[in-house]
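Below: one structure, written as structure tokens.
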Ligand code: G5X
């Protein structure tokens with residue numbers, strides 16, 4: 205039953221080889237190179253640079269395969285690139301990937317979509333980045349990275365192995381501001397991205413505070429929630445607001461309340477969307493919407509059920525899960541996704557931070573702040589939304605995408621459950637984006653430690669070809685899920701994670 209072995213050594217591709225990303229040796233292990241931009245041909249070692257690509261007309265950035273230099277690159281981009289740790293060989297291998305990563309990165313940080321960090325739990329995104337370089341003028345950010353690893357502090361509940369610090373190490377690194385949502389035009393016809401088209405795309409007029417409030421007035425409850433709820437205690441804080449626990453006076457039930465300042469929301473449509481969608485949705489694997497209120501001049505409070513077990517992030521960073529437990533969590537998440545996708549909702553920010561646990565092992569998907577409602581006619585989106593490390597390649601490379609982006613992210617989350625963190629978390633964020641776009645399906649640190657059926661499950665989730673990637677319903681039939689342990693087997697993990705957290 206116990207499959208947790210010793211700590212896996214660092215990942216070759218993203219961690220050990222090239223920690224600072226300055227040497228050119230980092231691509232030696234990358235065998236599977238997929239050209240993610242339209243044509244699906246394999247790129248060999250020898251760079252095969254096709255110059256007449258669309259974006260050249262708009263961006264005017266060229267690449268000279270002989271010098272290995274980009275031409276006509278904006279100074280800000282050149283600066284970022286210089287510090288990115290993307291090697292010369294990598295530039296040659298996938299110059300378009302570099303451009304895509306830069307487009308993505310700058311679009312998400314320099315005001316185009318304006319920075320929208322939303323809620324993130326302080327537990328995970330604690331420390332300040334220690335990597336220098338990226339905080340240039342052009343880069344606003346940069347926030348949240350995981351907290352510094354703690355030395356193993358001895359005893360933890362009997363049979364729960366603490367996650368060894370080696371695999372927890374992701375401190376002091378600069379991470380992309382988690383979740384981002386930039387362009388406002390979903391399903392826009394523009395598939396080619398460039399600073400030029402990007403500017404155009406987002407010309408869609410933003411909703412003003414008063415428009416948003418007028419709209420919200422029609423959907424929220426009337427009244428003063430401070431008369432209904434008491435004992436508010438903060439449990440989370442992010443750029444877009446605060447999450448508190450509270451007690452409903454009439455029922456003595458505990459709830460969670462997400463308190464958002466409307467004027468500080470970069471994408472105000474999304475908060476309306478979150479309420480409209482969640483009002484309609486009820487599922488045992490989804491955190492239940494309870495109520496919402498306008499409070500004071502411009503605050504929106506969203507009341508929801510409270511889960512006391514904390515997030516799956518706490519568990520994956522502090523403990524080692526076995527395959528039975530991973531299968532159980534995966535199944536519960538897939539049930540949520542099957543339901544959402546059947547109801548034409550894409551979550552778009554699946555990651556362990558957004559999986560909440562009940563003390564007896566319930567698993568519930570939360571934070572629909574970035575979800576999208578699709579229709580049969582408009583079933584594709586192109587907004588860049590999500591958290592980079594979990595993003596499907598089709599999102600990073602800015603193609604049109606659908607519900608299967610959630611399946612990819614679930615695959616990345618399954619890697620979190622194995623390794624404690626998503627691939628490339630320690631990379632310079634620009635390089636991480638490049639690697640997602642270039643490498644496609646990430647490699648495991650210690651594949652030999654996983655069962656064949658689990659690896660197959662991961663392969664199905666992390667399939668580059670969206671058409672071939674399985675949907676939630678199909679994946680629920682996967683043999684790996686038959687390994688599921690009872691949900692009650694999660695309780696010791698939750699307790700162990702809480703205990704560990706108490707020590708640091
Ligand atoms: N333990 C919940 C949310 C869910 C559907 C509309 C966002 C946090 C944090 C957060 C902690 C909770 C909630 C309940 C626990 C959050 C949301 C959401 C919705 C209905 C609202 C953030 N960042 N929680 N129990 N934690 O710390 O989209």
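Residue numbers (my numbering): 205 to 708. Note that beta-carbon positions come from the ideal geometry of N, C-alpha and C, so glycine has one too.
Nearest to residue i by CA position, among the options, is which residue?
i: residue 498; options: 511, 417 and 696; result: 417
i: residue 589; options: 524, 574 and 616; result: 574
i: residue 500; options: 426, 628 and 663; result: 426
i: residue 610; options: 674, 531, 435 and 503; result: 674
i: residue 662; options: 276, 685 and 452; result: 685
i: residue 636; options: 678, 412, 288 and 482; result: 288
i: residue 580; options: 606, 479 and 561; result: 606
i: residue 203; options: 286, 278 and 293; result: Because the chain here runs from 205 to 708, residue 203 falls outside it and cannot be looked at.
i: residue 436; options: 428, 489, 461 and 421; result: 461
i: residue 475; options: 505, 640, 485 and 484; result: 505
i: residue 267; options: 299, 664 and 612; result: 299
Beta carbon of residue i: closer than 7 Å to some heavy atom of the ligand G5X?
i: residue 428; result: no
i: residue 460; result: yes
i: residue 590; result: no
i: residue 423; result: no
i: residue 439; result: yes
i: residue 447; result: yes
i: residue 564; result: no
i: residue 478; result: yes
i: residue 482; result: yes
i: residue 433; result: no
Under 8 Å between the Cβ atoms of residue i and residue j?
i: residue 520; j: residue 620; result: yes
i: residue 468; j: residue 444; result: yes
i: residue 530; j: residue 618; result: yes
i: residue 494; j: residue 509; result: yes
i: residue 537; j: residue 567; result: yes
i: residue 626; j: residue 594; result: yes
i: residue 459; j: residue 507; result: yes
i: residue 411; j: residue 473; result: yes
i: residue 642; j: residue 301; result: yes
i: residue 695; j: residue 564; result: yes
i: residue 528; j: residue 693; result: yes
i: residue 522; j: residue 701; result: yes
i: residue 639; j: residue 554; result: no
i: residue 453; j: residue 438; result: no
i: residue 577; j: residue 548; result: yes
i: residue 623; j: residue 670; result: no
Tell me, which residues are paired with residue i by DSSP?
i: residue 636; result: Residue 636 is not bridged to any residue.
i: residue 457; result: 452
i: residue 440; result: 447
i: residue 505; result: 463 and 497
i: residue 552; result: BP columns for residue 552 are empty, so no partner.
i: residue 481; result: For residue 481, which the question treats as bridged, DSSP gives no partner whatsoever.
i: residue 434; result: 451
i: residue 568; result: 560
i: residue 605; result: 585
i: residue 576; result: 550
i: residue 523; result: 366
i: residue 266; result: 275
Compare the C-beta of residue i against all C-beta atoms of chain B and say whether one is closer than 8 Å.
i: residue 437; result: Checking the listed chains, one finds no chain B in this structure; it contains a single protein chain.
Quick check on residue i: does DSSP put it in helix, strand or coil?
i: residue 558; result: helix
i: residue 624; result: coil
i: residue 367; result: coil
i: residue 206; result: Low confidence applies to residue 206: its pLDDT is 40, below 50, so where it sits in the model is not reliable, and the reading given next is rough at best. Note: residue 206 maps to coil in three-state DSSP.
i: residue 660; result: helix
i: residue 476; result: helix
i: residue 357; result: Only weak support exists for where residue 357 lies, its pLDDT of 45 falling under 50; the coordinates are left without a value.
i: residue 596; result: coil
i: residue 490; result: strand
i: residue 271; result: coil
i: residue 510; result: coil
i: residue 703; result: helix
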